[in-house]
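Just so we're aligned, residue 37 is where the sequence shown starts under my numbering, counting upward by one. Just so you know, even glycine gets a beta-carbon here, dropped at the ideal spot from N, CA and C. Computed from a prediction, not measured in an experiment: that's the story for all the values here. The structure appears right after this line, and notes come after that.
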Amino acid sequence: MNRKLCLFAAIIGLILVSSCTSRKNLVYINDHPKGDTIVNFNQNDLSVILQPGDVVYIKVLSLDKVTSSLFNLDMTGSSATGEVSTTLRGYTLDEHGYIRLPVVDTIQVAGLSISEAEQLVQQRIDGYFKNATVILKLLNTKISVLGEVNKPGTYSILRNSINLFEALALAGDITQFGDRKSVLIIRTIDNKNITFRVDLTKENILATQQFYLLPNDIVIVEPLPLRAFRLNSQTISLVFSGLTTLVTTLTFFYSVLK
Numbered sequence: 037m038n039r040k041l042c043l044f045a046a047i048i049g050l051i052l053v054s055s056c057t058s059r060k061n062l063v064y065i066n067d068h069p070k071g072d073t074i075v076n077f078n079q080n081d082l083s084v085i086l087q088p089g090d091v092v093y094i095k096v097l098s099l100d101k102v103t104s105s106l107f108n109l110d111m112t113g114s115s116a117t118g119e120v121s122t123t124l125r126g127y128t129l130d131e132h133g134y135i136r137l138p139v140v141d142t143i144q145v146a147g148l149s150i151s152e153a154e155q156l157v158q159q160r161i162d163g164y165f166k167n168a169t170v171i172l173k174l175l176n177t178k179i180s181v182l183g184e185v186n187k188p189g190t191y192s193i194l195r196n197s198i199n200l201f202e203a204l205a206l207a208g209d210i211t212q213f214g215d216r217k218s219v220l221i222i223r224t225i226d227n228k229n230i231t232f233r234v235d236l237t238k239e240n241i242l243a244t245q246q247f248y249l250l251p252n253d254i255v256i257v258e259p260l261p262l263r264a265f266r267l268n269s270q271t272i273s274l275v276f277s278g279l280t281t282l283v284t285t286l287t288f289f290y291s292v293l294k
């Protein structure tokens, strides 16, 4: 009988071990030494490059209201939301990277940064109108966070890039069963999907370009191997209740038959 009790105790121990996660797997940048450190990274090197399918907002400021009205898309009264609203408020780059503007016709902006595209459109506008100022911004600024996070989904961002920690914060952080040492990033450049794997437990991630996300990036947090054995508190309670009942029953019969 003692052997059976030992077996049950071993089973309970395995359940407890499989339901726990090492602290090192939960802490971000766990190799950070004591004291302050400075990690340098020139974020200016991380520029958003326009690609076919992007939607850009273009506003032309001019004292001539007729000139302004030609280019500024009027959304007054529109109830469209989400991607439909984004498309209606901007100019979409076609498959060859061109946008079509009134009067000035088509302009190829794919392969240019936001500031470069703005300067190019400004030059073309100057050829037709005087004293006009061009403002150009990217509209489809969104990222997707999937996998072992508390709130997976697609999130709109208000600037051209955010870092990984900010993106994970939007998604409610990684669960205790997410693998912080191997987070997958999928980025589309020139119609090619490029993948990166980053280790969020290492301090040197702060100095890499992969730490900063670009519009339309996809972040996938994969589960730890122990995720397959995850047991919630209700399941653990049921298991313990069943094992306790079984041990009690076997003990009773053992004492009666002895």
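Let's see if you can read the secondary structure: which residues bound the alpha helix (DSSP H) around residue i?
i      : result
Phe232 : Here Phe232 belongs to no alpha helix (DSSP H); instead the beta strand (DSSP E) covers Lys228 to Val234.
Thr103 : Lys101 to Phe107
Gln87  : Unbroken run through Gln87: none, as it is neither H nor E.
Asp130 : It is not in any alpha helix (DSSP H) - Asp130 carries neither H nor E in the DSSP assignment.
Ser151 : Ile150 to Asp162
Please classify residue i: is it buried, with 16 or more other beta-carbons within 10 angstroms of its beta-carbon, or exposed?
i      : result
Ile241 : buried
Gly147 : exposed
Leu175 : buried
Leu230 : According to the sequence provided, residue 230 is Ile. The question's Leu does not apply to it. Under this definition Ile230 is an exposed residue.
Ser98  : buried
Pro261 : exposed
Gly189 : exposed
Leu250 : buried
Ile171 : exposed
Quick one: what's got a C-beta closer than 8 Å to residue i's C-beta in the same chain, skipping five residues either side?
i      : result
Tyr164 : Val139 and Val140
Leu106 : Val96, Pro138 and Val139
Thr224 : Gln87, Ile230 and Asn252
Distance check for residue j and residue i, CA to CA, integer angstroms please.
i      : j      : result
Gly89  : Lys101 : 30 Å
Ala205 : Thr281 : 43 Å
Leu86  : Ser149 : 6 Å
Ser83  : Ala243 : 16 Å
Asn108 : Val145 : 18 Å
Val255 : Glu154 : 29 Å
Ile210 : Val257 : 7 Å
Ile222 : Asp253 : 6 Å
Thr117 : Arg233 : Any answer about Thr117 is weak, because its pLDDT of 49 lies below 50 and its placement is not dependable; what the coordinates show is given next. Looking at the two C-alpha atoms, the distance is approximately 34 Å.
Leu156 : Asp226 : 20 Å
Tyr191 : Thr284 : 53 Å
Glu152 : Lys173 : 11 Å
Gln158 : Arg136 : 14 Å
Leu220 : Asp162 : 44 Å
Val91  : Pro259 : 34 Å
Gly208 : Phe247 : 18 Å
Tyr127 : Lys228 : 23 Å
Asp187 : Thr169 : Reading off the sequence shown, one finds Lys at residue 187, where the question assumed Asp. Their Cα atoms are separated by approximately 41 Å.
By Cβ distance, which residues of its chain are closer than 7 Å to residue i, with the 5 residues on each side in sequence left out?
i      : result
Arg160 : Val140 and Ile143
Ala203 : Ile179, Val181, Leu249 and Val255
Asn167 : Ser98 and Leu99
Would you kindly report the start and end of the unbroken beta strand (DSSP E) that includes residue i?
i      : result
Ser197 : First-last for Ser197: undefined, no H or E at that position.
Lys255 : Checking the sequence, you will find Val at residue 255 rather than Lys. Element bounds for Val255: Ile254 to Pro259.
Ser218 : Gly214 to Ile225
Asp209 : Segment: none, Asp209 is in no beta strand (DSSP E) and carries neither H nor E.
Ser98  : Here Ser98 belongs to no beta strand (DSSP E), and DSSP marks it neither H nor E.
Val24  : With the chain represented from 37 up to 294, any question about residue 24 goes unanswered, as that position is not in the structure.
Gly189 : Gly189 to Ser192
Gln144 : Asp141 to Gln144
Lys178 : Lys178 to Gly183
Using a Cβ-Cβ cutoff of less than 6 Å, which residues in the same chain neighbour residue i once the five nearest sequence positions on both sides are dropped?
i      : result
Met111 : Residue confidence is low: Met111 scores 49 on pLDDT, short of 50, so the model does not pin down where it sits. Its coordinate-derived value is still stated next. If we look at Met111 and ignore the five residues flanking it on each side, its Cβ neighbours are Arg125.
Ile193 : Thr177
For residue i, decide whether its Cβ has a neighbour in chain C, counting only Cβ atoms nearer than 9 Å.
i     : result
Asp90 : The question asks about chain C, but that chain is absent: this structure has only one protein chain.
TODO: Could you tell me whether the stretch 164-183 touches the stretch 227-242, where touching means 3 or more Cβ pairs closer than 8 Å?
DONE: no
- [ ] Decide if the stretch 195-207 is in contact with the stretch 123-133; the criterion is three or more beta carbon pairs, one per stretch, under 8 Å apart.
- [x] no
Open item on the list: Any contact between the stretch 204-220 and the stretch 93-107? By contact I mean 3 or more CB pairs, one from each, below 8 Å.
Closed with: no
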